[in-house]
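If you count by the numbering used here, then the sequence shown holds residues 21 to 438, one letter each, in order.
No residue lacks a Cβ here, since even glycine has one placed at the ideal position from N, Cα and C.
Take a look at the structure set out below.
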Amino acid sequence: AVTCVTMVWKLYEHSSSGGTAGWPPTMMVWFSAYAQLFMFGATFVVAGASTLIIGTPSGEDMKFVVDRMTAGSAMLFPILLVGLLGRERMFSLTARRFEREPAVFERDGAFIAEMLDQITLAPGQRYWVHRDEGSKDLSYPSSDYRHHWRPGYVAEVAGGEFVVELLPDPSVPAQDLLAERVRMPLSAQNMPAEELLIYARANLRCIEWESITRDLMRAAHSGSGQQTGGNFHLSRPVRPGEQVDFFMSHSWYDDEDLKWQKLVALAADFRAKKGRYPTFWLDKVCIDQARISDGLRVLPVCVMACAKMLVLCGPTYTQRLWCAWELFTLFSFMPQELALERVRLVPLDSDAASSALCDLSAFSVDNSRCYNPNVEDHIKRCIDAISRPRFEQRVRALSSAVQRRSQRTMAQEAQIED
């Protein structure tokens with residue numbers, strides 16, 4: 021009765037607080053399993069011990085008592101172990117022992133990719149339609165998606181296409197307003213995780229450090245004149261048995277010169293330790309820009325296929341939803357301690373109290389955006405399905421871990437100087 025009341029109360033706390041308190045449904049399942057194991061295990065052990073205290077059984081009776089006490093001890097052992105080590109640490113140790121194979125991480129990535137690929141359109145659902153070049157809404161700045169997209173609602177879905185009924189456009193004079201309906205093709209999605217995994221593995225690529233240049237790190241909007249679609253040849257297929265060293269997670273809106281400086285230092289340090297330069301997964305060269313949607317749909321597999329994630333964290337990093345999605349992929353099913361080990365966070369401003377780290381410490385999915393508002397809504401629904409508060413807490417923990425590491429480094433350097 022006490023267990024049932026506790027579970028109901030914790031579930032109520034979780035639902036009423038929006039996920040910030042109480043226990044989520046997954047924790048309820050674990051608690052229920054722990055409670056049942058403890059109840060049966062304790063019953064067997066106590067009953068066996070009582071029998072031994074009252075009298076000394078012999079023959080078959082002794083074997084029965086020993087068997088029950090052994091079974092009870094086996095049930096209690098995992099609970100005691102979790103109680104001593106803590107759930108997070110226990111799962112982290114298990115992951116280190118059994119989940120070192122890249123294939124295991126890749127399957128997790130394929131599951132996340134399947135979530136993003138499952139798009140269901142229904143009448144009444146909000147949907148945004150991209151404006152033509154000559155019909156931008158100039159009442160909004162170009163950084164606002166309403167400048168580029170017009171809102172509407174799905175009116176019907178049938179026969180491999182769907183119809184969007186657009187809302188009245190405030191930029192058009194009232195006398196010209198007419199109900200507009202736009203027919204759009206349904207994209208081929210809803211691919212199962214197994215097929216996404218096969219596609220991702222067949223198309224996984226990397227770029228050698230020697231092929232990365234300062235100009236390559238410059239975004240197309242910065243006026244470099246370099247065409248994004250012409251860089252695919254710089255990458256190569258990943259060789260059998262090879263693992264890409266770093267998945268490069270960054271915002272193209274951050275300073276390319278600062279990113280380049282950090283990359284040069286990282287590559288030199290990597291070579292000093294490993295005797296070779298690292299390989300990277302970089303979106304603009306590892307995704308065929310002629311098939312960019314196919315590349316983005318298996319992005320989580322690419323994240324998990326790399327040995328580490330390199331986060332080049334600048335002023336706009338936490339504002340880019342695709343960057344958040346990359347972190348979400350890593351943090352979703354992996355114990356926090358192990359996930360933090362797989363992240364190499366490099367603030368673009370070197371100060372220990374950097375603004376980038378401050379932004380991470382206050383990270384919120386609500387503040388992250390992407391160009392396509394339809395994709396933005398879908399990504400945020402996927403994050404909510406796993407647990408938005410848990411994900412945000414882990415990103416903030418990443419900032420705290422880097423700050424602690426920086427403080428330890430400075431303390432060690434001060435001791436050496438003394």
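Below 8 Å on the Cβ atoms is my guess for residue i versus residue j; work out the distance and round it to an integer in Å.
i      : j      : result
Ala213 : Ala133 : 7 Å
Met201 : Ala175 : Here the sequence assigns Arg to residue 201, which means Met is not the residue at that position. Sure, about 6 Å apart at Cβ, within 8 Å.
Ala325 : Val363 : Rounded, the Cβ-Cβ distance is 15 Å, inconsistent with contact.
Cys343 : Pro367 : Actually they do not touch by this definition, with Cβ atoms about 14 Å apart.
Arg414 : Phe351 : 5 Å
Val177 : Leu141 : 5 Å
Leu360 : Ala421 : 5 Å
Phe51  : Ile99  : The pair is not a contact, with the Cβ atoms about 11 Å apart (cut-off 8 Å).
Leu158 : Pro171 : 16 Å between Cβ atoms; not a contact.
Closer than 6 Å by C-beta to residue i: which residues in its own chain qualify, once you throw out the five before and the five after it? Chain order, please.
i      : result
Asn251 : Lys304, Val305
Asp81  : none
Ala130 : Ala213, Leu216, Leu217, Val321
Trp272 : Ala239
Ser381 : Arg416, Ser419
Pro257 : Arg225
Tyr54  : Ile99
Phe348 : Ile403, Phe411
Phe267 : Trp301, Val323, Cys326, Met329
Using only CA atoms, which one of the options lies nearest to residue i?
i      : options                        : result
Lys440 : Thr336, Tyr147, Arg311, Glu346 : Because residue 440 is not part of the residues shown, which for the chain are 21 to 438, the question remains open.
Gly180 : Ser162, Glu228, Leu418, Met204 : Met204
Trp148 : Gly79, Ile73, His398, Cys226   : His398
Thr299 : Met135, Ser162, Met237, Arg225 : Arg225
Ile218 : Trp272, Phe266, Ala123         : Ala123
Asp152 : Arg146, His168, Tyr160, Gly75  : His168
Thr71  : Arg88, Ser155, Gly106, Gln138  : Arg88
Glu276 : Ile232, His150, Leu254, Lys293 : Ile232
Ala94  : Lys30, Val65, Tyr391           : Val65
Gln56  : Gly79, Gln281, Leu96, Val25    : Leu96
Pro355 : Phe125, Ser207, Glu185, Leu158 : Phe125
Tyr173 : Trp29, Pro143, Lys83, Ser207   : Pro143
Glu185 : Arg146, Tyr32, Gln209          : Arg146
Gln209 : His253, Asp314, Met268, Lys293 : Asp314
Quick one: what's got a C-beta closer than 7 Å to residue i's C-beta in the same chain, skipping five residues either side?
i      : result
Gly243 : Caution is warranted here: a pLDDT of 39 is assigned to Gly243, below 50, making its placement in the model unreliable, and the coordinate value is therefore given only provisionally. Nothing meets the Cβ criterion.
Val318 : Ala133, Leu216, Tyr219, Ala220
Pro393 : Trp148, Tyr165, Trp169
Ser255 : Arg225, Cys226, Ile227, Val305, Cys306
Ile406 : Ser352
His150 : His168, Trp169
Trp280 : Arg234, Met237
Ser375 : Pro335, Asp369
Arg127 : Leu217
Glu396 : Leu341, Arg389, Cys390
Do the CB positions of residue i and residue j come within less than 9 Å of each other?
i      : j      : result
Leu418 : Val323 : no
Leu302 : Leu236 : yes
Pro335 : Asp274 : yes
Tyr165 : Arg389 : yes
Tyr297 : Ala285 : no
Asp369 : Leu278 : yes
Val49  : Gly68  : no
Thr338 : Asp404 : no
Lys156 : Ser163 : no
Phe60  : Gly92  : yes
Asp308 : Met211 : no
Val385 : Glu412 : yes
Ile139 : Ser207 : yes
Can you have a look at residue i and say buried or exposed, based on whether 16 or more other CB atoms are within 10 angstroms of its CB?
i      : result
Ala222 : exposed
His270 : buried
Gln195 : Bear in mind that the predicted position of Gln195 carries a pLDDT of just 47, short of 50, making it unreliable; the figure below should be weighed with that in mind. When all chains shown are included, Gln195 counts as exposed.
Leu341 : buried
Phe383 : buried
Glu262 : exposed
Gly106 : exposed
Gly79  : exposed
Below 8 Å CB to CB, which residues in the same chain sit around residue i once its five sequence neighbours on both sides are set aside?
i      : result
Gln246 : Per-residue confidence for Gln246 stands at a pLDDT of 40, beneath the threshold of 50, marking its modelled position as unreliable; the derived number appears in the next sentence. Hits under 8 Å: Asp235, Leu236, Arg238, Ala240.
Glu230 : Tyr297
Tyr160 : Arg166, His167
Hey, does residue i have any beta-carbon neighbour from chain B nearer than 9 Å?
i      : result
Arg238 : The structure shown contains no chain B; it is built from a single protein chain.
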